[in-house]
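Protein chains in written order, with this note's numbering: chain X, 965 to 1230; chain A, 456 to 751.
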Amino acid sequence: MDLPINAFTSAYEINIDVPARLERAIAIQHLGVQYRSVQALRDITLTLEPGRLVGVIGPNGAGKSTLLQAMLGLVPVTHGSVNYHGKPLASQLDKIAYVPQRSQVDWTYPATVWDVVMMGRIRQAGWFRSFSASSRRTAEAALERVGMSAYRDRPIGQLSGGQQQRVFLARALTQQAEIYCFDEPFIGIDQRTEAVMFEVFRELADAEKHVMVVNHDLGDAIAHFDDLILLNTELIASGTRRQVLTRDHLYAAYGGKVAFFSGEAA
Amino acid sequence: MDVLLEPLQYGFMQRSLIVAVLVGLICAVVGSYLMVQRLALLGDAISHSVLPGLAIAFMIGANIFVGAFIAGVLSTMAIAWIRTRSPIKEDAAMGIVFSACFALGITLITLIQRDNKIDLNHFLFGNILGVSVAEVWQTALISLLVLVVVKLLYKELLFYTFDPVGAQAAGLPTNLLNFGLMVLIALTIVASMKSVGVILVLALLITPGATAYLLVNRLHQVMLLGAAIGIIASTSGMYLSYFYNLPSGPAIVLVVSGLFGLALLFSPTHGVLTNPQPSLQEPKVWRELKGLLGRH
Ligand SMILES: Nc1ncnc2c1ncn2[C@@H]1O[C@H](COP(=O)(O)OP(=O)(O)OP(=O)(O)O)[C@@H](O)[C@H]1O
Ligand SMILES: [Mg+2]
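Written as structure tokens, this is what we have:
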């Protein structure tokens, strides 16, 4: 792909202090991930700036989840690098909050909503120490923000799917990270929860955080994102919504069989 | 009451009581981690795998607890190695490793038994009334170590056992935590060898936590209530062993299984009798069978 490396930097936010923003950018360079026989990602080069709500889109198996996992060092990176502040991002995991796909945890685990949200403070609390009062306040505020305060003492096994997602969102907020990564947070949740989530994502972006959301649905929700990353093993396109959602790009990613969001196509 | 206190005037009964309390306590606490991770089989695997270590240590004149512990830890590494280096699934790897180790252990101990007075049955089924003063000290030390580590790493282990991927993504050293957990389990099993025996120690690891799980909702509550249940079971088992001359392992396990049965029937939230389900009236298999017959 011969897109400019700094597609995100291009035309906007000239009024903001550019060097400072660039310094806080995530630099993905020639990233490649290979699972035994499957090449999941090939030669991805991107620069992500803080303060933008970024959607990661692409067909099933495009490598969207793999991209997040590679950034976090959860899968072995076979090529290239992901840097933040000039250092490998995977060595600064305390700055990242990641919400994986819901199916991976056991919801019959004997824990309450509060226990799960407090897990977001474990790194900050440090080894061998108990949680501080301010950690508790952070967790309370996060629960309040996602509208789950009333469920604080509820066993997690007694939550609906949407409530589980909200709890994980609250846990991510509790981490007070600089980079937020969400993998398919909208699966099986209703409009109201989705609206709450987008509100929270927007607040995070407004607070100059990095917010990356994997979302394979190209429906109306896509209008919430500032920028998009369109993947299909390779980087098809990245940049603003308008730059990415062109007929050619979508054709390249989805092989033509896609009815995309009406207002956006060029 | 006198019936229960009277035997305690004997030194061996005092020693047994201390060991019973400690073993009931740490098995329930550490076993809770196995239960919540659905790794019950791993407890079985480690406990059977300690035998060859115990036998080899006895042959070369080393401390048998140390030998058993090393074998237990090595077996978890062998399981992990098979799982990562081959397409074999974890449960199959456990089954293979633990039966192989158990077979080796039985073979070695049988050979040793020919010319020594070591009794295989004591390690297989437990002989709590036969613990020595040194064994009481070893059990106490191991228990102290296990409880301190669980207390210090409680929040990290909670995170790791609930959501390993999330814990790794948050930057916790999950491989170390996992290894630490394996060490705790191996230590606990070694400490329990003499009282419940390797065959049945799984019950004391899993059943108290499972019983508590039917009654409370948070991990630390499961551990505390489980510990109470484990202690009740191990001390009652000790008395049964004393009064009826039974091997202590089976006696302890029968008590703890009975307590589990009670919780299963009467738990206020999950009890079978307290929360009867309508489908119980007609077993599903029977209904499906009728459906099949009716159709043809
Ligand atoms: N653990 C794994 N081992 C082997 N191959 C994998 C593994 N995980 C993913 N893959 C492969 O890597 C490719 C990318 O997978 P990934 O999960 O990143 O896709 P995705 O874009 O998130 O898809 P979806 O929309 O279905 O979630 C796929 O071809 C998949 O088969
Ligand atoms: Mg995915």
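Glycine included, each C-beta is placed from N, C-alpha and C at the ideal position. Note that the coordinates shown come from a computational prediction; the quantities given were computed from them, not determined experimentally.
Boundaries (first-last residue) of the alpha helix (DSSP H) holding residue i
{"i": "X/N1047", "result": "Segment 1043-1048 is the beta strand (DSSP E) holding X/N1047; no alpha helix (DSSP H) there."}
{"i": "X/F1146", "result": "Per DSSP, X/F1146 belongs to no alpha helix (DSSP H); it is in the beta strand (DSSP E), 1143-1147."}
{"i": "A/G479", "result": "466-491"}
{"i": "A/V552", "result": "545-570"}
{"i": "A/D457", "result": "457-460"}
{"i": "A/D811", "result": "Nothing about residue 811 of chain A can be read from this structure; chain A reaches only from 456 to 751."}
{"i": "X/S1078", "result": "Sequence check: residue 1078 of chain X is Trp here, not Ser. Its alpha helix (DSSP H) spans residues 1077-1082."}
{"i": "A/P663", "result": "656-668"}
{"i": "A/Y759", "result": "In the structure as shown, chain A begins at 456 and stops at 751. Residue 759 of chain A is therefore absent and cannot be evaluated."}
{"i": "A/P507", "result": "495-515"}
{"i": "X/Y1215", "result": "1211-1218"}
{"i": "A/F634", "result": "629-651"}
{"i": "X/R950", "result": "Residue 950 of chain X falls outside the range modelled here, since chain X spans only 965 to 1230, and no answer is possible."}
{"i": "A/L579", "result": "575-580"}
{"i": "X/R1087", "result": "1086-1089"}
Partner residues on chain X for residue i, Cβ-Cβ distance less than 8 Å
{"i": "A/V491", "result": "D1070, Y1073, P1074"}
{"i": "A/Y668", "result": "P1074"}
Per-residue burial, residue i [other beta carbons within 10 Å of its own, 16 or more giving buried]
{"i": "A/Y668", "result": "buried"}
{"i": "X/D1154", "result": "exposed"}
{"i": "X/I1193", "result": "buried"}
{"i": "X/D1212", "result": "exposed"}
{"i": "A/G692", "result": "buried"}
{"i": "A/W741", "result": "exposed"}
{"i": "A/K610", "result": "buried"}
{"i": "X/R1093", "result": "exposed"}
{"i": "X/S974", "result": "Interpretation of X/S974 is limited by its pLDDT of 42, a score under 50 that renders its predicted location unreliable; the figure taken from the coordinates is listed afterwards. The residue in question, X/S974, is exposed, as its Cβ has fewer than 16 Cβ neighbours within 10 Å."}
{"i": "A/K739", "result": "exposed"}
{"i": "X/A1026", "result": "buried"}
{"i": "A/I515", "result": "exposed"}
{"i": "A/P702", "result": "buried"}
{"i": "A/P542", "result": "exposed"}
Extent of the continuous beta strand (DSSP E) run through residue i
{"i": "X/M1176", "result": "1174-1178"}
{"i": "X/D1170", "result": "Element bounds for X/D1170: not the beta strand (DSSP E) but the alpha helix (DSSP H), 1155-1170."}
{"i": "X/E1198", "result": "1198-1204"}
{"i": "X/D1007", "result": "1002-1012"}
{"i": "X/I1120", "result": "Where X/I1120 is concerned, there is no enclosing beta strand (DSSP E), given that its DSSP letter is neither H nor E."}
{"i": "X/H994", "result": "990-999"}
{"i": "X/I1021", "result": "1017-1021"}
{"i": "X/I1060", "result": "1060-1063"}
Contacts that residue i makes with chain X (C-beta to C-beta distance below 7 Å)
{"i": "A/S677", "result": "Residue identity check: residue 677 of chain A is Val in the sequence provided, not Ser. Near A/V677 (Cβ distances below 7 Å), the residues of chain X are P1074."}
{"i": "A/E611", "result": "I1086"}
{"i": "A/N672", "result": "P1074, T1076, P1119"}
{"i": "A/L600", "result": "Those within 7 Å of A/L600 in chain X number zero; the least Cβ separation is about 15 Å."}
{"i": "A/L529", "result": "Neighbours of A/L529 on chain X: none; closest Cβ ~26 Å, over 7 Å."}
{"i": "A/L607", "result": "F1092"}
Cβ-Cβ distance between residue i and residue j below 8 Å
{"i": "A/G522", "j": "A/I511", "result": "yes"}
{"i": "A/G664", "j": "A/A483", "result": "yes"}
{"i": "A/A535", "j": "A/I597", "result": "no"}
{"i": "X/D1147", "j": "A/L613", "result": "no"}
{"i": "A/T666", "j": "A/A706", "result": "no"}
{"i": "X/M1035", "j": "X/V1046", "result": "yes"}
{"i": "X/L1032", "j": "X/Y1062", "result": "yes"}
{"i": "A/F524", "j": "A/A641", "result": "yes"}
{"i": "A/I564", "j": "A/L506", "result": "yes"}
{"i": "A/G486", "j": "A/L674", "result": "no"}
{"i": "A/V677", "j": "X/P1074", "result": "yes"}
{"i": "A/T690", "j": "A/I481", "result": "no"}
{"i": "X/N1196", "j": "X/G1022", "result": "yes"}
{"i": "X/N1179", "j": "X/A1187", "result": "no"}
{"i": "X/F1150", "j": "X/D1181", "result": "yes"}
{"i": "X/V1041", "j": "X/V1002", "result": "no"}
{"i": "X/A1169", "j": "X/V1175", "result": "yes"}
{"i": "A/V711", "j": "A/I686", "result": "no"}
{"i": "X/L1107", "j": "X/V1069", "result": "no"}
{"i": "X/I1008", "j": "X/I1060", "result": "no"}
Partner residues on chain A for residue i, Cβ-Cβ distance less than 8 Å
{"i": "X/Y1048", "result": "Near X/Y1048 there are no residues of chain A at all, since even the closest Cβ is about 13 Å away, more than 8 Å."}
{"i": "X/D1191", "result": "Here the premise fails: no neighbours, minimum Cβ distance about 23 Å."}
Per-residue contacts from residue i into chain A (C-beta, under 9 Å)
{"i": "X/Y1062", "result": "V620, G621, A624, A625"}
{"i": "X/M1083", "result": "K610, L613, F614, F617, D618, G621, A622, A625"}
{"i": "X/F1146", "result": "Chain A residues near X/F1146: none, gap ~12 Å exceeds 9 Å."}
Distance cut-off 7 Å: residue i Cβ against heavy atoms of ligand 3
{"i": "X/D1181", "result": "Absent from the structure shown: ligand 3. Ligands present: ligand 1 and ligand 2."}
Interface partners of residue i on chain A, CB under 7 Å
{"i": "X/D1058", "result": "G626"}
{"i": "X/D1212", "result": "None at all; the shortest Cβ gap to chain A is about 35 Å."}
{"i": "X/L1036", "result": "A624"}
{"i": "X/D1154", "result": "Ordered by position in chain A, no residue passes the 7 Å Cβ test against X/D1154, which lies about 24 Å from the chain."}
> Of all the beta strand (DSSP E) runs that stay within the bounds of the stretch 715-739 of chain A, which reach a length of 3 or more residues?
Replying inline: Within the stretch 715-739 of chain A, not a single complete beta strand (DSSP E) segment reaches 3 residues in length.
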